Amino acid sequence: MHDVIVVGAGAAGAASAYHLAARGHRVLILEAQSMPRRKPCGGGMAASVQRWFPFDLSPAVDQVIEQVRFTWCLDDPVTAVLPGDSPFWIVQRSRLDQFIAEQAVAAGAELVDAASVETMERDGDGWTVTAGGHRYCSRAVVVADGSKSRFASQLALGNPKPRFASAVAVEVEAAVSEPNTARFEFGLVKHGFCWAFPRQGGYSIGVGSFIGNTDVDADAVLAQLLPSLGLATDAGERIQSPLRVWDGHYPLHNTAGAVAVGDAASLCDPFLAEGLRPALLSGLRSAEALDRYLAADDTRQAGEALAGYSLAMRQQWGESMAWGRRIAQVFYRVPKVGYQIGIKRPTAPQRIAQILSGEMGYGDIAQRVIKRLLFQRG
Ligand SMILES: Cc1cc2nc3c(=O)[nH]c(=O)nc-3n(C[C@H](O)[C@H](O)[C@H](O)COP(=O)(O)OP(=O)(O)OC[C@H]3O[C@@H](n4cnc5c(N)ncnc54)[C@H](O)[C@@H]3O)c2cc1C
0 MHDVIVVGAG AAGAASAYHL AARGHRVLIL EAQSMPRRKP CGGGMAASVQ
50 RWFPFDLSPA VDQVIEQVRF TWCLDDPVTA VLPGDSPFWI VQRSRLDQFI
100 AEQAVAAGAE LVDAASVETM ERDGDGWTVT AGGHRYCSRA VVVADGSKSR
150 FASQLALGNP KPRFASAVAV EVEAAVSEPN TARFEFGLVK HGFCWAFPRQ
200 GGYSIGVGSF IGNTDVDADA VLAQLLPSLG LATDAGERIQ SPLRVWDGHY
250 PLHNTAGAVA VGDAASLCDP FLAEGLRPAL LSGLRSAEAL DRYLAADDTR
300 QAGEALAGYS LAMRQQWGES MAWGRRIAQV FYRVPKVGYQ IGIKRPTAPQ
350 RIAQILSGEM GYGDIAQRVI KRLLFQRG
């Protein structure tokens, strides 16, 4: 019998497991793949996530980004120099997720990998979970099975009709010309953008489309982007990954002791596809709430503890994402105007740097940006 079973050892599940184990709970993590597992992801992450962990995350950091360059059709560049002490990191996901999972194990959690969860069922006051022919029992569960989550909707957690962005990831081994610069290109992708993040020994490159069901010809986009980095047009293996994005406020808990975290909870930013920061934040907040749930004296207290998790994520992430979604809807419909008046403004580089570093939310800039975009269109 465990206190909590965590389904999925990605960034969100590993973070939740770590914070629960560090609070003295008996935690079991079940992960479908063998660890360390491969995860298509740009790996861009605000360094401010460090404040959510008592251990140093730097062993998982591949590259420190000092500036961000935006372009429109590979031209018309805008460079934002990031302020302060290394505000944006590039991580390799196989390393980051494994590293946090190792910290969870060091804090007392048990990790079983290559164990795909088949069923999660309420059983008396607790849960029975089956994986790889075994049955496991717990008092509470954390659903952290990512964008293709089976269990979030089954347990009525989060958005019942998830919205997906389409994303294609490419890893290219190459000499990197500007190792401290992350690039975002807005003109080549309909309803989205492409990125090139430097990492040790190469680039994490990707193409993302965020509104409508746009069918992006990623190969055609990459054939234009890659030569600008000195790479062959067909370099790298292309991996298509649907990405569940934030699309409204929903409860992320149920009263039976289940919570959803990370992509399973549809937390990813619908404008810039930032999913790591909310994955790690939801890992921490879910653990705090489950800690109170497990110590509760009665059902009222237990229910309040888990409702506190949904509320915290709404206040600390969802409110900003509601503005991010509005910005995305206007910006990606008129991206050329958006680029000229949103990104090429004299104050924009500083604002963008503050958003990327996590210092500012979309709510802080949204009303002005949307008014400007609508006014220019009219
Ligand atoms: C192409 C691309 C580029 C991206 N770039 C960035 C970026 O630069 N910065 C950023 O912040 N975000 C980025 N994101 C978003 C980010 O990758 C996700 O938001 C993040 O991975 C969410 O973490 P997670 O732990 O919720 O899910 P995941 O990392 O997907 O982990 C889920 C885990 O659950 C496991 N699992 C699934 N089903 C089961 C099961 N039945 N039983 C047991 N285990 C199971 C999976 O094997 C997996 O290990 C990108 C996404 C894509 C697709």
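Here the sequence shown is numbered in numbering that gives the first Met the number 0, starting from 0 and rising by one per residue. Note that the Cβ used here is the ideal one computed from N, Cα and C, for glycine as well. Since this is a predicted model, take the numbers as computed values, not measurements.
Item	Value
Rounded C-alpha distance that separates SER309 from SER146	19 Å
Neighbour-count burial assignment, GLU184, 16 or more Cβ in a 10 Å radius	buried
8 Å Cβ shell around PHE209 - same chain, five flanking residues per side excluded	ALA164, HIS190, GLY191, VAL244, PRO269, PHE270, ALA272, ALA327, TYR331
Burial state of ARG182, where buried means 16 or more other Cβ atoms lie within 10 Å	buried
Nonlocal neighbours in the same chain, by C-beta distance under 6 Å from ALA79, ignoring five residues either side	VAL67, PRO348, ILE351, ALA352
Any non-hydrogen atom of ligand 1 closer than 7 Å to GLU120 Cβ	no
Other residues of its chain near SER240: CB distance less than 8 Å, five sequence neighbours each side excluded	PRO39, SER146, ALA166, VAL167, ALA168
LEU293 beta carbon less than 8 Å from that of SER281	no
Close Cβ partners of LEU73 (< 6 Å) along its chain, the five nearest in sequence each way excluded	SER227
DSSP three-state assignment for SER115, whether helix, strand or coil	coil
Through-space distance from VAL6 to GLU117, alpha-carbon basis	10 Å
heavy atom of ligand 1 below 7 Å from PRO197 C-beta	no
Exposed unless 16 or more other CB atoms sit within 10 angstroms - verdict on PRO345	exposed
Candidates ALA264, VAL171, GLU177: closest to ASP233 by CA position	VAL171
Simplified DSSP state of ASP122, which is helix, strand or coil	strand
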